[in-house]
Structures are given as C-alpha cells and as structure tokens.
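Undergrad: Take a look at this one; I'll ask things after.
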Amino acid sequence: MGEEILINFTPMETRVAVIENGMPQEVYIERVHRRGIVGNIYQGKVVRVLPGMQAAFVDIGLERAAFIHVEEVLSQNATPEEKSNASIALVLREGQSLLVQVTKDPIGTKGARLTTHLSLPSRYLVCMPGNDHIGVSQRIEDVEERDRLRGIVQSLSQTDGEEPTGFILRTVAEGTAEAELAQDIQFLRRLWESIKVKIKSAKAPSVIYEDLPLNMRALRDMAHAGLEKIRIDSRETFQKAQDFVDALVPEVAGKLEYYPGERPIFDLFNVEEEIQKALGRKVELKSGGYLIFDQTEAMTTVDINTGAFVGHRNLEETIFKTNLEAATAIGRQLRLRNLGGIIIIDFIDMEDPDHQRQVLRTLERVLEKDHAKCKLTGVSDLGLVEMTRKRTRESLEQVLCDICVECQGRGSIKTPETVCYEIFREILRQHRAYDTDSYLVLAAQAVVDYLLDDASNHVAELESFINKTIRFQVEPMYNAESFDVVLR
1 MGEEILINFT
11 PMETRVAVIE
21 NGMPQEVYIE
31 RVHRRGIVGN
41 IYQGKVVRVL
51 PGMQAAFVDI
61 GLERAAFIHV
71 EEVLSQNATP
81 EEKSNASIAL
91 VLREGQSLLV
101 QVTKDPIGTK
111 GARLTTHLSL
121 PSRYLVCMPG
131 NDHIGVSQRI
141 EDVEERDRLR
151 GIVQSLSQTD
161 GEEPTGFILR
171 TVAEGTAEAE
181 LAQDIQFLRR
191 LWESIKVKIK
201 SAKAPSVIYE
211 DLPLNMRALR
221 DMAHAGLEKI
231 RIDSRETFQK
241 AQDFVDALVP
251 EVAGKLEYYP
261 GERPIFDLFN
271 VEEEIQKALG
281 RKVELKSGGY
291 LIFDQTEAMT
301 TVDINTGAFV
311 GHRNLEETIF
321 KTNLEAATAI
331 GRQLRLRNLG
341 GIIIIDFIDM
351 EDPDHQRQVL
361 RTLERVLEKD
371 HAKCKLTGVS
381 DLGLVEMTRK
391 RTRESLEQVL
401 CDICVECQGR
411 GSIKTPETVC
421 YEIFREILRQ
431 HRAYDTDSYL
441 VLAAQAVVDY
451 LLDDASNHVA
461 ELESFINKTI
471 RFQVEPMYNA
481 ESFDVVLR
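Letter by letter, the sequence shown follows residues 1 to 488 in full-length UniProt numbering.
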C-alpha cells in the first residue's frame with residue numbers, strides 16, 4: 001500500500017493526515033481562530049532593542065511581541081566576521097518599521113521568531129527576493145540532476161534591470177521539465193510584485209501576506225506524483241482543491257478524490273485512534289516493550305523499556321530487538337506528535353558495538369522520511385542518543401491540550417496526606433497568631449475524607465493540644481491541593 005493524504009474539513013477546523021503503508025505518519029491541525037503564522041509577512045515596528053542579547057522585540061500586531069536576532073537582520077551575503085562583529089543597536093532602533101517574515105510560531109511562553117530574509121514558496125521553488133543565490137535541496141542527491149535544475153533556473157531567472165532574485169529548488173522539483181519551472185518562477189514574480197505594492201501603503205504593525213490555509217499548503221508541499229490518493233471529505237474544499245491542483249500541481253490532479261462516506265474520514269486507517277494514542281506518554285511496541293515520551297520546555301526525552309518482552313535466546317538479543325523496534329517507532333512518533341527542538345533518546349544499554357551501530361542506522365533511515373530537518377549525533381558518554389528536529393509549529397499536544405488545572409503541568413499532585421499535614425501546620429500558625437474559639441477547614445472531598453478517617457486520631461490530638469474545636473467542610477470547587485483555614 002502506498003501513500004495517501006486525508007483532508008478533513010469543517011468551517012472551524014482543518015485536519016490533514018499523511019498515511020504510509022496503512023499507518024498514519026503525520027497529523028496537522030489548524031483552527032480558524034488560531035491559525036499558524038509561519039510564512040506570513042508583516043510590516044512590524046521595533047519596540048525594544050536588546051544589545052545584551054543581540055536581538056530585538058518587534059510588534060507585528062500579535063498579543064506577544066515577536067523576537068528577531070541580529071543575524072536575521074544582516075544581509076545573507078555578510079561574512080562570518082561581519083556577523084560576529086555586528087551590533088543590534090547599530091542595525092535597529094526603537095520605533096523603526098521593519099519588513100519581517102515569521103519563521104517559527106509562538107510556542108508556549110515564547111513569541112514568534114522573525115527574519116528579514118523573505119522567502120516565498122511555490123510548488124517546485126522557494127523565491128528569495130533581494131538575493132541572487134540559486135540552491136538545490138540536499139535531498140536531491142543525483143549530481144547531474146542538481147546541475148540540470150540549477151542551470152534551468154539560472155537561465156530563467158536572469159533579467160536585466162530588475163532586482164536580484166534567488167531561488168531554491170525543492171525536493172519535488174526532481175525530474176521537472178523547464179516549462180513547469182518557468183511557470184513557477186512567473187507565479188512567484190507576480191506574487192512578489194503584488195506584495196511590494198502592499199508594502200508601499202502598509203502601516204506598522206500590519207499583515208502584508210498570509211500563507212495558504214492548511215488544506216492548500218498540504219497540496220502544495222506534500223502532494224507528489226508517487227501519491228496513491230488525496231481524499232477530501234468536503235465537496236466545496238474538494239472543488240477548490242481541484243482548481244488549485246490544476247493550476248499548481250497538475251501531476252496529482254488524477255489522485256484527488258471526494259470522500260462522501262458515512263464513516264468519518266479520520267476513522268479510515270484509525271487516524272482518530274492514533275491521535276488519542278499520540279497524546280499519551282506510553283507507546284506500546286508489538287514485541288511487548290514500550291516507549292515513554294516526556295515533553296518539557298527544554299527538551300523531549302524518550303525512554304525505552306523491554307516490558308513484557310523476554311525474548312527466546314538471551315538478554316542481549318532481547319535488548320537489541322526491542323531497541324530496533326523502538327528506533328522505527330520513535331521516527332514515526334516524532335512526526336505524528338510533531339515534536340521539535342532537542343530530543344534525548346535513552347535506548348536500553350547494548351554491549352555489542354555492532355548492535356549500537358545497527359540501531360543508530362535504523363533511526364537514521366526512519367528520519368530520512370521526515371519533512372522536518374533532523375540532526376542526529378552518535379551515542380554520548382552516558383549512552384544517550386541526542387538529536388534535534390526543526391520546530392516551526394506547535395506540537396500535537398500543544399495544539400490539542402492545555403496545562404492541567406490540578407497539577408499546573410507538573411504531572412503529579414500532592415497526596416491527601418501531604419495536604420492534611422499542611423493544614424495542621426496552618427492551624428498551628430494561626431493558633432499562635434490569633435485568638436479564636438474554633439477553626440473551619442475548607443478543602444476538597446478527598447482531603448476531608450482523609451482528615452475524618454485516616455487522620456482522625458491526629459485531628460483529636462491537635463484539638464487537645466490547642467484546646468480548640470476543628471470542623472471540616474467539603475468545597476466542590478477546590479482542587480486537590482487547595483484549602484482554607486477560617487477562624488470562627
């Protein structure tokens with residue numbers, strides 16, 4: 001079974017799933033009220049220059065100011081020496097208007113990341129106004145094909161008297177004819193001209209250009225001739241997709257299919273079920289082993305355990321097989337969960353160096369299929385595999401979930417016993433400070449139950465010690481850690 005793309009469209013939300021060999025590999029979700037802004041171009045206003053960080057905050061009209069580093073303001077042709085000696089205070093000043101593009105969505109508490117090096121993607125190319133570089137995707141490995149593509153774009157992009165325009169050939173450009181590349185260049189030039197017209201009249205902060213919505217981005221960036229099908233469950237979106245594909249991605253026109261089925265489209269290939277699983281910490285392996293994913297502000301850690309898998313031969317063989325299966329599963333889970341930044345993988349320790357190499361090779365092979373740029377280091381002195389995965393948008397968990405109101409993101413809450421002792425200490429503190437006849441303790445049901453049952457002896461001892469009555473009242477709105485001690 002080949003590769004398919006499923007597009008589930010509703011007026012409030014668009015979801016896209018990439019299916020390979022009958023298994024969901026990637027899921028993208030975009031909501032109307034919280035659309036991603038990567039690729040958008042803004043006329044921004046510098047609100048604060050930070051010389052100590054060699055960066056600045058720029059107002060682009062969002063709730064939080066966006067962040068730009070000095071390297072993203074300097075010319076792309078600047079030498080390493082010029083970059084290291086540059087000062088943000090000499091390049092930008094507060095109140096200045098600045099044309100910027102978003103390279104990273106606001107994630108967690110961090111604002112969007114910006115650059116002044118604009119880029120406009122189309123089907124086969126990425127246009128870079130003001131730059132004269134012609135690049136080719138590293139994933140196109142054939143040297144002759146790289147030279148052919150570079151030669152075509154160089155000849156097509158040479159124009160007299162116009163500002164220089166650079167291009168990068170995308171992976172899907174491999175094998176593309178000159179006419180199709182010429183069409184793309186023409187489309188990008190027209191787009192840039194329309195953007196330049198808007199820039200002249202734009203006041204900061206304002207949006208100049210917005211990237212395509214998710215359903216169209218999927219067709220532009222993910223669709224390729226090797227696809228088996230692209231199924232869309234909305235007739236109106238399907239018709240728009242047909243027009244878009246005919247104009248920009250004609251090689252997949254025959255793969256588009258309207259899906260009118262009674263069964264929801266994301267129930268095909270168990271996409272809905274896989275999304276729910278991808279929100280959990282634990283991932284079961286077929287062998288009986290399992291993975292544990294922990295996503296934190298600084299990094300994501302992945303721990304591998306043999307679990308119920310005992311193997312048939314010896315311990316080393318059991319560990320090796322579990323690690324091999326884990327390497328394949330990790331590659332898929334990183335894509336499915338859209339995890340980015342630093343990722344630390346704790347494979348089960350292997351004695352055999354050849355086993356270590358095979359597990360690393362398996363992980364590398366799986367990561368080659370990833371659209372996001374991944375960089376893998378070897379095994380560290382502590383036996384950990386360190387890698388990075390480029391993060392531009394929020395992870396699946398960040399899109400679908402919020403911080404738990406009970407634990408505030410810690411992943412654990414205090415036991416009723418712990419809260420009980422905190423209450424005792426608070427009563428003693430108030431006893432020393434104030435004169436009162438009795439105390440009323442307001443707390444959650446589990447805490448009050450513990451105080452009246454397991455800790456009833458301690459309550460009696462405390463009442464005797466302070467010579468005051470203590471009463472308890474359940475507050476349904478309190479979480480497990482909240483309480484109040486009221487003087488009566």
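All C-beta atoms in this analysis are idealised placements derived from N, C-alpha and C, irrespective of residue type, glycine included.
What are the partner residues of Glu-474, as DSSP defines its beta bridges?
TA: Position check: residue 474 holds Val in this sequence, whereas Glu was assumed. Looking at the DSSP assignment, Val-474 forms a beta bridge with Ala-443.
Undergrad: With Thr-300 and Asp-346 assumed to form a contact (beta carbons below 8 Å), what rounded beta-carbon distance in angstroms separates them?
TA: Contact between Thr-300 and Asp-346 is ruled out by a C-beta separation of about 12 Å, above the 8 Å threshold.
Undergrad: Look up Tyr-434 in the DSSP assignment and say whether it is helix, strand or coil.
TA: Tyr-434 sits in coil when the DSSP states are folded into three classes, being neither helix nor strand.
Undergrad: For the alpha helix (DSSP H) containing Gly-151, name the first residue and the last one.
TA: 143 to 157
Undergrad: Would you verify that the beta carbon of Ala-223 is, or is not, closer than 8 Å to some beta carbon of chain B?
TA: This model lacks chain B altogether, as it is built from one protein chain only.
Undergrad: In this structure, does DSSP put Arg-391 in helix, strand or coil?
TA: Residue state, collapsed to three classes: coil.
Undergrad: Tell me whether Pro-213 sits in a helix, a strand or coil according to DSSP, three-state version.
TA: In the three-state DSSP reduction, Pro-213 falls in the coil class, being neither helix nor strand.
Undergrad: Label Asn-77 either buried or exposed according to how many other C-beta atoms from any shown protein chain fall within 10 Å of its C-beta, with 16 as the threshold for buried.
TA: Exposed: under 16 other Cβ atoms inside 10 Å.
Undergrad: Which value, in whole angstroms, describes the spacing of the CA atoms of Ile-68 and Ala-56?
TA: Approximately 5 Å between the Cα atoms of the pair.
Undergrad: Less than 7 Å separating the Cβ of Cys-420 from some heavy atom of the ligand ZN?
TA: Of the ligands one can find in the structure shown there are none, so the ligand ZN has no counterpart to examine.
Undergrad: Less than 8 Å between the CB atoms is what I'm expecting for Glu-174 and Glu-145, so what's the real figure, rounded?
TA: 6 Å
Undergrad: Cα separation between Thr-418 and Ala-433?
TA: 23 Å
Undergrad: Does the Cβ-Cβ distance between Gly-166 and His-133 come in under 8 Å?
TA: Gly-166 is a Cβ neighbour of His-133, given a cutoff of 8 Å.
Undergrad: When the distance is taken between beta carbons, is Leu-74 closer than 8 Å to Lys-83?
TA: yes
Undergrad: Quick check: the Cα distance between Ile-29 and Arg-139, rounded to an integer number of angstroms?
TA: 26 Å
Undergrad: Check Leu-279 in the structure and name its three-state DSSP category.
TA: It is coil, neither helix nor strand.
Undergrad: Please state if the CB of Val-485 and the CB of residue 489 are separated by a distance shorter than 8 Å.
TA: Lying outside 1 to 488, the shown extent of the chain, residue 489 is not represented and no answer is given.
Undergrad: Count Cβ pairs between the segment 369 to 387 and the segment 334 to 345 that sit closer than 8 Å; are there 3 or more?
TA: yes
Undergrad: If we call anything under 8 Å between Cβ atoms a contact, is Tyr-290 one with Lys-282?
TA: Yes, they are a contact pair.
Undergrad: Just to confirm, are Glu-461 and Thr-469 a CB contact at a threshold of 8 Å?
TA: no
Undergrad: Let's test the definition: count the other Cβ atoms within 10 Å of the Cβ of Phe-465 and tell me whether it reaches 16, buried, or not, exposed.
TA: exposed
Undergrad: In the DSSP output, what is Val-399 paired with across the bridge?
TA: BP columns for Val-399 are empty, so no partner.
Undergrad: Whole angstroms is fine: what's the gap from Gly-411's alpha carbon to Thr-296's?
TA: Computed Cα separation, rounded: 11 Å.
Undergrad: Which residue wins for smallest C-alpha separation from Gly-226, given the options Glu-3, Val-459, Asn-479?
TA: Glu-3
Undergrad: Scan the segment 311 to 365 and note each continuous alpha helix (DSSP H) run of 4 residues or more that stays entirely inside, going in chain order.
TA: 315 to 337
Undergrad: Would you mind stating whether Leu-125 and Asp-184 have Cβ atoms separated by less than 8 Å?
TA: yes
Undergrad: Ser-206 by DSSP, collapsed to three states: which one?
TA: Ser-206: strand per DSSP, three-state reduction.
Undergrad: If you reduce the DSSP assignment to three classes, tell me which class Arg-190 lands in.
TA: It is helical.
Undergrad: Classify Ser-155: buried if its beta carbon has 16 or more other beta carbons within 10 angstroms, exposed otherwise.
TA: That one is exposed.
Undergrad: Can you list, in chain order, the residues of its chain whose CB lies under 6 Å from that of Glu-236, leaving out five sequence neighbours each side?
TA: Here the set comprises nothing.
Undergrad: Using CA atoms only, rank isn't needed, just tell me which of Ile-60, Ala-65, Val-70, Glu-63 is closest to Gln-54.
TA: Val-70
Undergrad: Per DSSP, what kind of secondary structure is Ile-134 in: helix, strand or coil?
TA: DSSP places Ile-134 in strand when its eight states are reduced to three.
Undergrad: Determine the contact status of residue 494 and Val-46, defining contact as a CB-CB distance below 8 Å.
TA: In this structure the chain extends from 1 to 488, so residue 494 is not present and cannot be described.
Undergrad: Quick check: the segment 321 to 332 against the segment 366 to 384, are at least 3 beta-carbon pairs closer than 8 Å?
TA: yes
Undergrad: Alpha carbon to alpha carbon, how far is Met-128 from Leu-62? Give it in angstroms, no decimals.
TA: 25 Å
Undergrad: Would you list the one or two residues that DSSP bridges to Asp-484?
TA: Leu-442
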